[in-house]
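Novice:
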Amino acid sequence: MTLGLKTPKKQAEATRRLLTRAELLDKRYKVVRDQSFVYFPLLEPPAFDEEFSGEIVDLDFPTAEASLSLKDYLSSKLPPNLIKHLPSSWDQIGNVIVVELNPLLEPYKSIIAEGILKSHSHIIAVFEKVSAVSGTTRIRKLKLLGGRDPNKVIHKEYGVQLVVQLHDTYFSPRLGFEHYQVGKMVNSGEKIVDLFTGVGAFPLHIATNVDSEIHAVDINPHAIACLEEAINLNKNRLKGKIHPICSDSRQWAAELKRPRIFDRVIMNHPSQSYDFLELVPKLLKPNGILHFYSFEPSGKWQWLPLLKLSKALKLYGRRINEVLRVRKVRVYSPRDLHISITVRIS
Ligand SMILES: C[S@@+](CC[C@H](N)C(=O)[O-])C[C@H]1O[C@@H](n2cnc3c(N)ncnc32)[C@H](O)[C@@H]1O
Numbered sequence: 475m476t477l478g479l480k481t482p483k484k485q486a487e488a489t490r491r492l493l494t495r496a497e498l499l500d501k502r503y504k505v506v507r508d509q510s511f512v513y514f515p516l517l518e519p520p521a522f523d524e525e526f527s528g529e530i531v532d533l534d535f536p537t538a539e540a541s542l543s544l545k546d547y548l549s550s551k552l553p554p555n556l557i558k559h560l561p562s563s564w565d566q567i568g569n570v571i572v573v574e575l576n577p578l579l580e581p582y583k584s585i586i587a588e589g590i591l592k593s594h595s596h597i598i599a600v601f602e603k604v605s606a607v608s609g610t611t612r613i614r615k616l617k618l619l620g621g622r623d624p625n626k627v628i629h630k631e632y633g634v635q636l637v638v639q640l641h642d643t644y645f646s647p648r649l650g651f652e653h654y655q656v657g658k659m660v661n662s663g664e665k666i667v668d669l670f671t672g673v674g675a676f677p678l679h680i681a682t683n684v685d686s687e688i689h690a691v692d693i694n695p696h697a698i699a700c701l702e703e704a705i706n707l708n709k710n711r712l713k714g715k716i717h718p719i720c721s722d723s724r725q726w727a728a729e730l731k732r733p734r735i736f737d738r739v740i741m742n743h744p745s746q747s748y749d750f751l752e753l754v755p756k757l758l759k760p761n762g763i764l765h766f767y768s769f770e771p772s773g774k775w776q777w778l779p780l781l782k783l784s785k786a787l788k789l790y791g792r793r794i795n796e797v798l799r800v801r802k803v804r805v806y807s808p809r810d811l812h813i814s815i816t817v818r819i820s
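Following this line, the structure appears as structure tokens:
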């Protein structure tokens with residue numbers, strides 16, 4: 475998904491000129507149109523002053539001519555019946571691409587990687603996903619198919635620079651819009667804890683937006699090292715203060731001297747969030763906000779997690795006072811969705 479600006483058709487030309495002048499158009503993607511609106515792919519959000527009008531959206535923009543030239547490049551190198559099995563999308567993390575390939579393409583992997591490198595001049599490496607995300611640190615095995623392995627990359631999310639160690643930290647570029655949106659929800663002066671921060675995307679977005687204090691906890695020392703490096707990279711634009719903490723979040727919570735001091739708790743560890751819910755009553759102020767993430771069956775995502783969450787919280791004497799947002803973050807598997815729930819808790 476890519477950040478975009480949705481603007482009424484009548485204003486499209488003026489908007490295009492403004493975006494071009496401000497160097498905000500992401501030229502890797504095509505502009506999309508429907509009956510009433512035009513959607514421009516953006517490198518980062520514009521500052522909304524009176525010049526820009528429109529709504530920020532998250533869209534699957536089609537890539538510009540790159541995928542076409544990849545097909546062109548490969549059409550003489552792959553048997554014609556395999557062209558339709560080429561991946562239609564992939565993950566880009568910084569200047570590397572991570573693909574999932576159909577097993578039928580096995581003998582042609584290096585040629586495909588070469589094609590991707592040739593048709594995307596800014597890309598330096600192509601990796602294949604060779605395992606699922608697994609283990610406590612939620613890491614996936616990647617195999618280099620072409621180019622050179624940089625091991626560490628800088629990934630930009632709406633202008634925020636994240637540091638990702640490709641083989642040692644969890645990172646998904648598909649969470650960018652969620653990080654961005656949560657960053658925009660926080661009010662100045664809030665005290666926040668992100669219990670499973672990974673490379674620290676939520677804290678970096680929040681601190682970029684408002685003067686706040688964010689405790690960023692993760693059990694993986696590589697992830698915390700990435701966050702420390704990113705704090706330094708972004709230091710000129712951070713308004714908030716981030717405290718990187720390498721710890722098991724249960725242990726960290728157990729050692730806290732004062733209970734219920736946080737205005738907001740973020741729990742994006744969707745495969746295990748329910749197991750850590752017991753920490754919420756201890757951490758969250760009365761009337762505080764919880765950002766809860768889980769994997770849920772696609773037919774039940776609008777109500778099942780809210781029901782489970784409210785049942786579990788009742789056990790600790792807390793209840794949901796207000797549902798602020800329920801959002802489908804991404805498709806996780808053929809059956810399950812990654813869901814984000816934002817609630818105010820008594
Ligand atoms: C899904 S990833 C985090 C994604 C991150 N919040 C983001 O939005 O990009 C889950 C993270 O939880 C961390 N983790 C797993 N168990 C933990 C624990 N008991 N305490 C703290 N961190 C833990 C992993 O190291 C991993 O970085």
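Every number in my numbering is 474 more than the matching position in the sequence shown, counting from 1. Just so it is clear, CB atoms sit at the ideal spot from N, CA and C, and this is done for glycine as well. Given the structure is predicted, the values throughout are model-derived calculations rather than measurements.
1) Consult DSSP for threonine 494 and reduce its assignment to one of helix, strand or coil.
2) The alpha helix (DSSP H) with threonine 682 in it runs from where to where?
3) Considering only their Cβ atoms, is the gap separating aspartate 508 from leucine 477 smaller than 9 Å?
4) Pairing CB atoms from the region 626-634 with CB atoms from the region 660-670, are three or more of them under 8 Å?
5) Give me the residue from Leu619, Gln776, Arg490, His653 with the minimum Cα distance to valine 506.
6) Taking alanine 704 and valine 656 to be in contact with their CB atoms under 8 Å, please state how far apart those CB atoms are, rounded to whole angstroms.
7) Should the region 714-734 be called in touch with the region 647-656, which here means at least 3 C-beta pairs below 8 Å?
8) How about alanine 681 and leucine 712: are their beta carbons less than 9 Å apart?
9) Less than 9 Å between the beta carbons of proline 755 and leucine 787, yes or no?
10) For threonine 671, which three-state DSSP category applies?
11) Tell me the rounded alpha-carbon separation between proline 519 and arginine 502.
12) With a threshold of 8 Å (Cβ to nearest heavy atom), would alanine 699 be considered close to ligand 1?
13) Do you know offhand how far leucine 498's Cα is from leucine 516's?
14) Within a Cβ cutoff of 6 Å, which residues of the same chain sit near aspartate 565, ignoring the five residues on either side of it in sequence?
15) Given serine 820, which residues of its chain have a CB within under 6 Å of its CB, disregarding the five upstream and five downstream residues?
16) To which residues of the same chain is isoleucine 598 closer than 7 Å at the C-beta, ignoring the five residues directly before and after it?
17) May I ask you to report which of helix, strand or coil DSSP gives tyrosine 582?
Specialist: Well, looking at it:
1) Taking the sequence shown and counting its residues from 1, one reaches residue 494 at position 20. Three-state result, threonine 494: helix.
2) Mapped onto the sequence shown, residue 682 falls at position 208. First-last of the alpha helix (DSSP H) with threonine 682: 675-683.
3) In the sequence shown, residue 477 corresponds to position 3, counting from 1. In the sequence shown, residue 508 corresponds to position 34, counting from 1. Cβ atoms of leucine 477 and aspartate 508: not closer than 9 Å.
4) No, the region 626-634 is not in contact with the region 660-670.
5) Counted from its first residue, the sequence shown places residue 506 at position 32. Comparing Cα-Cα distances from valine 506 to each of Leu619, Gln776, Arg490, His653, the minimum goes to Arg490.
6) Locating residue 704 in the sequence shown gives position 230, counting from the first residue. Locating residue 656 in the sequence shown gives position 182, counting from the first residue. Taking C-beta atoms under 8 Å as the contact rule, alanine 704 and valine 656 fail to qualify, at a distance of about 16 Å.
7) They do not touch, by the three-pair rule.
8) Position 207 of the sequence shown, counted from the first residue, corresponds to residue 681. Position 238 of the sequence shown, counted from the first residue, corresponds to residue 712. Between alanine 681 and leucine 712, the C-beta gap is smaller than 9 Å, which places the two residues in contact.
9) Here residue 755 refers to the residue found at position 281 of the sequence shown. Here residue 787 refers to the residue found at position 313 of the sequence shown. Yes, the Cβ-Cβ distance between proline 755 and leucine 787 is below 9 Å.
10) Residue 671 sits at position 197 when you count from the first residue of the sequence shown. Here DSSP, grouped into helix, strand and coil, assigns threonine 671 to coil.
11) Within the sequence shown, the letter at position 45 stands for residue 519. Within the sequence shown, the letter at position 28 stands for residue 502. Taking the straight line from one Cα to the other gives about 16 Å.
12) Taking the sequence shown and counting its residues from 1, one reaches residue 699 at position 225. Result no, Cβ not under 8 Å from ligand 1.
13) Counted from its first residue, the sequence shown places residue 498 at position 24. Counted from its first residue, the sequence shown places residue 516 at position 42. Going from the Cα of leucine 498 to the Cα of leucine 516 covers about 6 Å.
14) Reading the sequence shown from its first residue, position 91 is the one you call residue 565. Only Val572, Pro647 meet the Cβ criterion.
15) Position 346 of the sequence shown holds residue 820. The residues are Arg792, Arg793, Asn795.
16) Position 124 of the sequence shown, counted from the start, is the residue given in the question as residue 598. Asn569, Val570, Gly621, Arg622, Pro624, listed in sequence order.
17) Locating residue 582 in the sequence shown gives position 108, where the first residue counts as 1. Tyrosine 582: helix per DSSP, three-state reduction.
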